[in-house]
Each structure stands twice: as C-alpha cells, then as structure tokens.
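Peer 1: Next up is a structure, given as structure tokens.
If you want it as structure tokens, here you go:
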C-alpha cells in the first residue's frame with residue numbers, strides 16, 4: 001500500500017519554464033490537496049479537489065493550475081515558473097470532507113532559477 | 114477567519130526532558146484539531162487528533178487535549194527521545210470549509226543525548 005506518491009522528488013527549472021507535478025493516491029480517497037511549504041510559513045493550500053470532477057482555489061492559487069484526472073490522480077501545473085515558486089510541494093488526500101485526517105506524500109522540492 | 118498560532122522554535126531539549134509545544138486556534142465553526150510530525154526530508158505524518166471538546170488524542174507517548182474554553186491544543190510528552198527530533202505542526206479543520214486544513218508555522222524540536 002503506497003499511500004500518496006509524488007513525482008518528481010526534485011526539479012530545477014529556469015524562470016519561464018513550465019512543468020507538471022504529479023500526485024496519486026491508492027486509498028480510494030475522495031478529496032485531494034496541493035500545498036506549498038516555505039520556511040517560517042507552515043503549509044499553505046494552493047488548490048484542492050473535494051471530489052472527482054471538482055477543483056477549488058485555496059489560499060495561494062496564483063501562478064498554478066490543477067487537474068483532477070480521475071479519483072486517484074491530482075496534478076499541479078506551473079505554466080511559467082517564477083523564482084517565488086521555489087518551494088517544497090506536498091500533495092495530500094482525505095477520505096471525506098469535514099475533519100477527516102489528511103495523508104501526505106513525500107513532497108517535491110522545486111528550485112526555480 | 115480560521116487560524117492556528119503555534120509556539121515558535123527552535124526547541125532544544127535533553128533526552129528524557131518534558132516537552133510542551135503550545136498551540137492555540139481561532140475557528141468560526143467546530144474544528145477538529147491535529148498534530149502532525151515531519152521528519153527531515155519527509156512528508157507530514159499524523160501524530161494525533163481530537164475531534165471534539167475535551168477529547169484527548171494520544172500516540173507514541175505524545176498527548177494533547179482539546180480545550181474549548183482556552184481554544185488550545187497543546188502537545189506534551191513526558192520523556193523525549195533523540196528519535197523525537199522533528200518539526201511539529203498544529204492544524205485545524207472546520208467541517209464547513211470543505212476539509213481545508215489551517216496549519217501553524219511549525220516548531221522544530223531537537224533532542225540531544
């Protein structure tokens with residue numbers, strides 16, 4: 001049982017390049033989330049998907065797009081990367097809404113030069 | 114709005130010392146409260162949770178009690194070990210916000226032998 005998996009683990013981009021971060025969960029969870037983690041800021045929600053076919057903005061959505069490809073997969077896309085997007089990105093999933101535990105992937109470390 | 118305020122670190126303790134990490138919250142509804150732990154280079158793992166007032170969450174010797182009267186969820190452990198060295202995050206989820214989590218900024222703990 002792999003839980004939540006993320007690819008890649010580490011990526012270096014140049015300003016203006018695009019990339020997609022992949023996330024998949026095998027726990028049959030309905031809800032999925034993308035966070036970024038920056039020093040001294042904790043985790044901030046970028047986008048979430050409460051259920052298959054729906055996505056909503058979180059606290060810091062600017063510069064990102066998401067796709068809930070199916071129940072298992074939730075991708076995060078940076079169309080034109082900026083140095084301010086240098087961060088560690090975590091994907092998470094939960095069974096349902098409303099106080100349910102979120103389970104996290106191992107993270108993707110992104111450096112934008 | 115909903116938020117979590119967490120004790121700033123870093124915290125350095127000797128092995129077998131008593132640990133307290135303070136966490137207070139502000140919530141518009143009836144939150145569930147969580148403590149997550151992040152070991153170096155890894156994602157966040159659930160440490161414990163409490164879903165209603167006066168509940169006590171516990172795991173691996175850690176405890177936290179949901180105190181509605183003081184809006185607090187302080188993390189405690191009676192005797193820390195070197196293996197407890199990690200970053201600890203307090204978080205809340207309010208059911209009417211689609212299971213969005215609000216995280217504290219994290220408290221880094223180092224336990225020295």
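Protein chains in written order, with my numbering: chain R, 1 to 113; chain C, 114 to 226. Each residue gets a CB set at the ideal place from its N, CA and C atoms; glycine is no exception.
Who does residue 144 of chain C pair with in a DSSP beta bridge?
Peer 2: Per DSSP, C/207.
Peer 1: Hey, is residue 16 of chain R's beta-carbon within less than 8 Å of any beta-carbon in chain C?
Peer 2: No, no contact with chain C.
Peer 1: So with Cβ pairs under 8 Å, would you call residue 214 of chain C a contact of chain R?
Peer 2: Closer than 8 Å to some Cβ of chain R, the Cβ of residue 214 of chain C qualifies, so yes.
Peer 1: Would the region 186–202 of chain C and the region 115–131 of chain C be scored as touching if the rule is three or more Cβ pairs under 8 Å?
Peer 2: The region 186–202 of chain C is in contact with the region 115–131 of chain C.
Peer 1: Would the region 161–170 of chain C count as touching the region 140–152 of chain C if we require 3 or more Cβ pairs under 8 Å?
Peer 2: With a cut-off of 8 Å, the region 140–152 of chain C and the region 161–170 of chain C count as touching, because enough Cβ pairs lie within range.
Peer 1: With a cut-off of 8 Å, does the C-beta of residue 137 of chain C fall near any C-beta of chain R?
Peer 2: Closer than 8 Å: no.
Peer 1: Please state whether DSSP places residue 102 of chain R in a helix, a strand or coil.
Peer 2: The answer is coil: DSSP assigns residue 102 of chain R none of H, G, I, E or B.
Peer 1: What does the alpha-carbon distance come out to for the pair residue 103 of chain R and residue 3 of chain R?
Peer 2: The straight-line gap from Cα to Cα measures roughly 8 Å.
Peer 1: Closest by CA to residue 114 of chain R, which one among C/171, C/213, C/201?
Peer 2: Chain R is shown from 1 up to 113; residue 114 of chain R falls before or after that span and cannot be answered.
Peer 1: Can you give me the start and stop residues for the beta strand (DSSP E) that residue 25 of chain R sits inside?
Peer 2: Element bounds for residue 25 of chain R: 19–25.
Peer 1: Classify residue 134 of chain C as buried or exposed, calling it buried when 16 or more other Cβ atoms lie within 10 Å of its own Cβ.
Peer 2: By the 10 Å Cβ count, residue 134 of chain C comes out buried.
Peer 1: Return the CA-CA distance between residue 138 of chain C and residue 171 of chain C, expressed in angstroms with no decimal places.
Peer 2: Straight-line Cα distance between these residues: approximately 19 Å.
Peer 1: Please identify the residue among R/95, R/87, R/101 whose C-alpha is closest to the C-alpha of residue 108 of chain R.
Peer 2: Ranking the options by Cα distance to residue 108 of chain R, first place goes to R/87.
Peer 1: DSSP three-state call for residue 194 of chain C: helix, strand or coil?
Peer 2: Here residue 194 of chain C sits in coil by DSSP.
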